[in-house]
Structures are given as C-alpha cells and as structure tokens.
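Reading through the structure tokens given below for one structure.
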Amino acid sequence: MVRAIGAQEIAPTRHAWAIEATALKVKAGRHLAVDGLDLALGTGVHGLLGPNGAGKSTLMRALATVVRPNGGTLRLLGTDAARTRELRRTRGRLGYLPQQFGYYPRFTVRDYVEYMAWLREMPASAVPAAAQRAIERVRLADRADKRLKSLSGGMLRRAGIAQAIVNEPDLLLLDEPTVGLDPEQRVEFRELIRELGTEACVLVSTHLVEDVVAACSDVVLMDLGKLVHQGVPADLVRLGENGGVGDSPAERGYSYLLAQHRGGAR
Amino acid sequence: MSRFVPLYLRSRRVPAAVAASAGAIAAVAAAWAGMTKDAQVNTGLTVLTAALAAVPFAPTLAGNDAALEKTAALPWPPRRVLHLVACGVLVAGLLIAARLVGTDFGPEKALVRNAAGLIGLIGLGTALAGARHAWQVPLAWAAVQCLLQVPGGPGWRQVALWMIQPPENRIGAITAGAFLAAGVIGYALRVGPPVSAAEASLEQ
Numbered sequence: 001m002v003r004a005i006g007a008q009e010i011a012p013t014r015h016a017w018a019i020e021a022t023a024l025k026v027k028a029g030r031h032l033a034v035d036g037l038d039l040a041l042g043t044g045v046h047g048l049l050g051p052n053g054a055g056k057s058t059l060m061r062a063l064a065t066v067v068r069p070n071g072g073t074l075r076l077l078g079t080d081a082a083r084t085r086e087l088r089r090t091r092g093r094l095g096y097l098p099q100q101f102g103y104y105p106r107f108t109v110r111d112y113v114e115y116m117a118w119l120r121e122m123p124a125s126a127v128p129a130a131a132q133r134a135i136e137r138v139r140l141a142d143r144a145d146k147r148l149k150s151l152s153g154g155m156l157r158r159a160g161i162a163q164a165i166v167n168e169p170d171l172l173l174l175d176e177p178t179v180g181l182d183p184e185q186r187v188e189f190r191e192l193i194r195e196l197g198t199e200a201c202v203l204v205s206t207h208l209v210e211d212v213v214a215a216c217s218d219v220v221l222m223d224l225g226k227l228v229h230q231g232v233p234a235d236l237v238r239l240g241e242n243g244g245v246g247d248s249p250a251e252r253g254y255s256y257l258l259a260q261h262r263g264g265a266r
Numbered sequence: 001m002s003r004f005v006p007l008y009l010r011s012r013r014v015p016a017a018v019a020a021s022a023g024a025i026a027a028v029a030a031a032w033a034g035m036t037k038d039a040q041v042n043t044g045l046t047v048l049t050a051a052l053a054a055v056p057f058a059p060t061l062a063g064n065d066a067a068l069e070k071t072a073a074l075p076w077p078p079r080r081v082l083h084l085v086a087c088g089v090l091v092a093g094l095l096i097a098a099r100l101v102g103t104d105f106g107p108e109k110a111l112v113r114n115a116a117g118l119i120g121l122i123g124l125g126t127a128l129a130g131a132r133h134a135w136q137v138p139l140a141w142a143a144v145q146c147l148l149q150v151p152g153g154p155g156w157r158q159v160a161l162w163m164i165q166p167p168e169n170r171i172g173a174i175t176a177g178a179f180l181a182a183g184v185i186g187y188a189l190r191v192g193p194p195v196s197a198a199e200a201s202l203e204q
C-alpha cells in the first residue's frame with residue numbers, strides 16, 4: 001500500500017540535538033531528583049545507567065513531558081518543554097515506555113497498540129498497519145489478538161515496547177525495557193533498538209551494563225541527579241582496567257566511575 | 001476517529017459504569033414498586049438514587065496510566081468536558097426514563113438539577129483528589145440530604161440541602177449550576193494530584 005507522505009515528515013530538522021538539557025532540575029514529589037543536569041543527545045542509542053535513586057526515572061518522565069522541569073532548560077526535538085502549548089507536535093513524535101505501565105487488562109495487544117497510536121494523533125488510516133508492524137517488530141504477532149491480562153510479564157513488556165514504537169518516534173524513551181525478558185528476547189530487543197537508533201534518538205534506562213555495552217552507541221551515567229559520565233561504551237571497558245568491582249570489564253568501569261564521582265563529591 | 005471511541009470507552013470501563021448506574025436505578029424502582037402502591041418516589045429516596053446513579057461514572061474519569069495519557073499528543077480538555085457532560089446527561093436521562101417503567105423520580109427540573117450538581121461534584125472531586133475518591137463527597141452529601149428533608153429556611157440551609165429543594169427553588173438551581181461549572185472547569189484542567197512513578201501501576 002502506498003502511503004502519503006506528510007509535510008511534517010520531510011520538513012528539515014532544525015535542532016542540533018533531540019534532547020538538550022542545561023542545568024535541568026526536576027522534582028519527584030518534594031525531592032529534587034534531577035539536580036542540575038547538562039545533557040545533549042542526538043540520533044543513536046543511548047544507555048542511561050545509574051544506581052537506584054539516581055534520578056533516572058524522573059529524568060525519563062521529564063523527557064517524556066509527564067512532569068515539567070522545575071529549573072534549567074529542556075529542549076525536546078527543538079521545542080522548549082516548559083511551553084506546554086507548543087508540545088503537542090513534539091508529543092506526537094515521542095515514544096515512551098514507563099518503568100511500570102498501567103493498561104486496560106481486557107484490551108487485546110492490538111487494541112492497546114492502536115489506542116496508544118490514536119493518543120499520539122496518528123492519522124486513523126495509518127493506525128492498523130502501524131500497529132501490526134509494531135507488534136511484529138516486538139515478535140508478538142502470534143499473540144496480537146490475545147487479551148493483555150493473559151500475557152506473561154515479558155510479553156507485557158514487549159506490548160509496552162510496541163506501543164512506544166508504533167508512531168515511529170523521533171525520540172524514544174524506554175525505562176527499563178529489558179526487565180522480565182528472557183536472554184533470547186533481550187538479544188532480539190538489542191537488535192530492535194539498534195535498528196531504531198539509526199534514525200531516532202533512543203534513550204534506554206537500565207541496570208544491565210552488558211545491555212548498554214552490547215546495544216548502545218553512547219553511555220550516560222548519572223548519580224544523585226547529576227551527570228557523572230558521558231561517552232562510548234568502550235570507555236567503560238577501558239576504565240574498568242583501573243579497578244572497581246564487577247564481573248566484567250564494563251561493570252568494573254561502571255563502579256569505578258561511580259566511586260570516582262562519589263570520592264570527588266566528598 | 002470513530003473507530004477509537006469504542007476503544008476509549010472500553011478502556012475507561014464506561015459500559016460497566018452505565019450498567020451499574022442503570023442497575024442502581026432499577027433496584028430502587030423495583031424496591032419502591034414492591035413496597036408501596038405510590039408511583040411517585042419519596043423525595044429523599046430520589047436524591048439518594050440520583051447519587052447512586054451518578055457515582056459509578058466517577059472511576060471512568062481517569063485512565064489506566066496517568067503518565068502515558070499525559071504524554072499523548074491529543075488535547076485532553078475538550079474530550080474531558082465532553083465525557084463529564086455526557087455522564088451528567090446519561091444520569092438525568094436514566095432517572096427520567098424510569099417513568100417509562102412506572103416509577104416517577106419527580107419532576108424533570110429537579111432531576112436535571114440534581115444530576116448536573118452531582119456530576120459537577122464528581123468532576124471537582126476528580127480534579128482535586130483523583131477519580132478513585134471522587135464518589136465519596138457526592139454520595140455522603142446526598143445521604144445527609146436524604147435524611148434531612150426540610151426544604152426552605154435560611155439561604156445557607158438551602159445551599160446545604162440543595163438537592164431536596166423544590167424544582168423552582170433558585171438557590172438550589174444556582175448551587176447545582178455552580179458545582180457543574182466548577183466540576184467541568186476543574187476536570188478539564190486537572191485529573192487528580194500528580195502520581196509518582198512508583199504508584200503508576202497501582203492506578204488500574
């Protein structure tokens with residue numbers, strides 16, 4: 001089927017970075033979870049690492065326009081995230097998988113993905129094909145017409161990924177997408193995000209250092225709401241030679257960087 | 001767009017809410033018919049029935065994932081207003097329709113006033129406290145009015161007992177209108193207090 005191409009799709013990109021944050025401050029409740037973060041991310045797959053409570057999920061929520069920044073500036077696909085009125089178009093080009101997501105349990109996978117596509121204001125005629133494609137990409141085609149409540153944890157996670165990629169987003173935010181996936185699915189998932197990362201800015205928050213090394217072109221490490229390190233995964237491996245605890249070079253690099261940062265902070 | 005309206009209604013559990021609302025009215029009507037010969041339902045019971053018919057719609061005012069709904073591109077406020085007003089129309093319509101099966105819940109004017117005020121209170125409750133708790137105030141208030149059936153008196157008492165005032169009463173109508181306006185505006189702007197990331201999955 002031939003699809004009409006909208007003006008929006010061929011419009012030139014007018015922003016240097018998909019995500020551009022300067023001195024970003026975001027609160028989670030009363031706690032300042034993201035505290036003066038500077039970050040610029042473009043096309044590619046970026047892994048967001050950090051210990052529990054580092055502010056990863058809060059940062060993701062701010063990037064997904066769920067919460068408004070409490071300070072600093074945040075530009076998403078060239079639009080200022082503080083200007084709620086202008087965010088509508090940006091939101092249509094955004095995909096987001098929360099760490100825990102709510103859903104109507106009696107929806108089938110297809111219903112759910114189509115409904116989310118509609119919320120992202122996809123043209124109605126494009127929705128069925130886009131939903132089918134998203135479901136195929138996460139390898140749930142054989143379960144497409146099963147109800148969500150009948151799915152296992154890993155399948156549900158993949159349904160969540162399907163809704164996040166259904167609109168072919170320019171900015172894709174995945175908060176711990178590999179939780180509950182078996183090793184084979186994780187390898188498939190890495191392939192999928194590598195493919196998506198060729199055209200979009202994909203930010204994957206995770207605790208699994210090996211996922212980042214295997215699938216990401218860029219590593220962002222944060223702790224206590226601040227940026228600790230930004231570089232390529234090979235940096236982690238290289239830094240791992242300096243010491244740090246862990247079973248793989250990358251894990252040692254991760255813990256070494258955190259220890260360095262905490263030492264410096266004191 | 002029309003393809004997605006059924007998905008929206010299902011995800012908000014509207015069919016179940018309509019069934020619960022109609023069921024409440026039917027139960028009261030059946031009980032009344034079984035116990036009295038009078039077709040005209042007692043005013044206090046009318047008020048309570050209106051509340052029982054309105055509260056099932058409270059949970060439909062919030063989605064299954066507040067974060068994902070908030071990131072949606074489509075503008076929510078007009079849709080929320082439409083949803084809330086449609087709930088009010090449905091409650092009033094169901095109460096008036098009970099006449100077709102022989103139970104009279106009182107004059108239309110009073111039914112419309114009460115349905116509008118109750119839906120407004122539910123919308124306001126959703127905006128301030130979240131959809132899960134929005135049923136409490138309207139139901140409790142209606143229960144109090146069901147027991148204190150003394151229309152008239154000083155202005156403040158007419159405001160407090162707005163649902164049991166006669167249909168022509170101005171203060172009752174203004175009170176209901178104010179609740180409807182506050183509910184529609186409040187719900188258009190806000191759906192409950194912000195939900196933290198950890199609570200998101202508990203919303204369903």
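Sequences listed follow chains A and B, in order.
The first sequence begins at 1 in UniProt numbering and counts up by one.
The second sequence begins at 1 in UniProt numbering and counts up by one.
Glycine residues also receive a C-beta, built at the ideal position from the N, C-alpha and C atoms.
Only exposed fits B:P77, as fewer than 16 other CB atoms lie within 10 angstroms of its CB. Assigned with DSSP and collapsed to three states, A:M122 falls in coil, not helix or strand.
Distances from the CA of B:P166 to each of B:V28, B:W156, B:Q149 were compared; the closest alpha carbon is that of B:Q149.
Taking the CA atoms as reference points, B:A20 sits about 22 Å from B:Y187.
In this structure, the CA atom of B:I171 is about 28 Å from the CA atom of B:V28. Proximity of the stretch 215 to 227 of chain A to the stretch 61 to 78 of chain A falls short of the contact definition, fewer than three beta-carbon pairs being nearer than 8 Å.
Under the DSSP assignment, A:Q230 falls in the beta strand (DSSP E) whose first and last residues are 226 to 231. Listed along chain A, the residues sitting closer than 7 Å to B:A72 by beta-carbon distance are R91, L119, R120.
If you look at B:L121, you'll find it in the alpha helix (DSSP H) that goes 108 to 129. Per the Cβ contact rule, the stretch 76 to 91 of chain A is not in contact with the stretch 42 to 60 of chain A (fewer than 3 Cβ pairs under 8 Å). B:I25: member of the alpha helix (DSSP H) spanning 14 to 35, first to last residue. Restricting attention to A:G50, A:R106, A:L172, the CA atom closest to the CA of A:I161 is found in A:L172.
Following the DSSP letters along the chain, one finds B:R132 in no alpha helix (DSSP H), marked with neither H nor E. What B:R79 touches in chain A, judged by beta-carbon distance under 7 Å, is nothing: the nearest beta carbon there is about 11 Å away. Judged by DSSP secondary structure, B:L52 falls within the alpha helix (DSSP H) whose first and last residues are 43 to 54. Pairwise C-beta distances place the stretch 87 to 97 of chain B in contact with the stretch 116 to 126 of chain B, as three or more of them are shorter than 8 Å.
In this structure, the CA atom of A:G253 is about 40 Å from the CA atom of A:A130.
For A:G47, the enclosing beta strand (DSSP E) stretches over residues 44 to 49. In the DSSP secondary-structure assignment, A:E20 is bridged to A:A40, A:R75. Within the stretch 123 to 208 of chain A, the runs of beta strand (DSSP E) that reach at least 3 residues and sit entirely inside it are, in chain order, 171 to 175, 201 to 205. The distance from the Cβ of A:R143 to that of A:V109 is about 6 Å, consistent with a contact at the 8 Å cut-off. Shown here, A:T108 sits in a strand according to DSSP, grouped into three states. When only Cα atoms are considered, B:L7 and A:Q163 end up about 15 Å apart. The beta carbon of A:L151 does not come within 8 Å of any beta carbon belonging to chain B, so the residue lies off that interface.
For the stretch 58 to 75 of chain A, residues whose beta-carbon sits nearer than 8 Å to a beta-carbon of chain B comprise T58, R61, A64, T65, V66, V67.
Taking a C-beta cut-off of 8 Å against chain B, the contacting residues of the stretch 102 to 119 of chain A are G102, Y103, Y104, P105, R106, F107, D111, E114, Y115, M116, W118, L119, listed in chain order. Of all residues in the stretch 10 to 24 of chain B, the ones placed with a Cβ closer than 9 Å to any Cβ belonging to chain A are R10, S11, R12, R13, in chain order.
DSSP, read as helix, strand or coil, puts A:G95 in strand. The criterion of a C-beta distance shorter than 8 Å is satisfied by B:N64 and A:Y104.
Listed in chain order, the non-local C-beta contacts of A:E188 below 7 Å within the same chain comprise R139, local neighbours out to five positions each way being set aside. Apart from sequence neighbours up to five positions away, the residues of its chain that approach B:L139 with a beta-carbon distance below 8 Å are A51, L52, V55, ordered along the chain. DSSP places B:V91 inside the alpha helix (DSSP H), whose first and last residues are 76 to 97.
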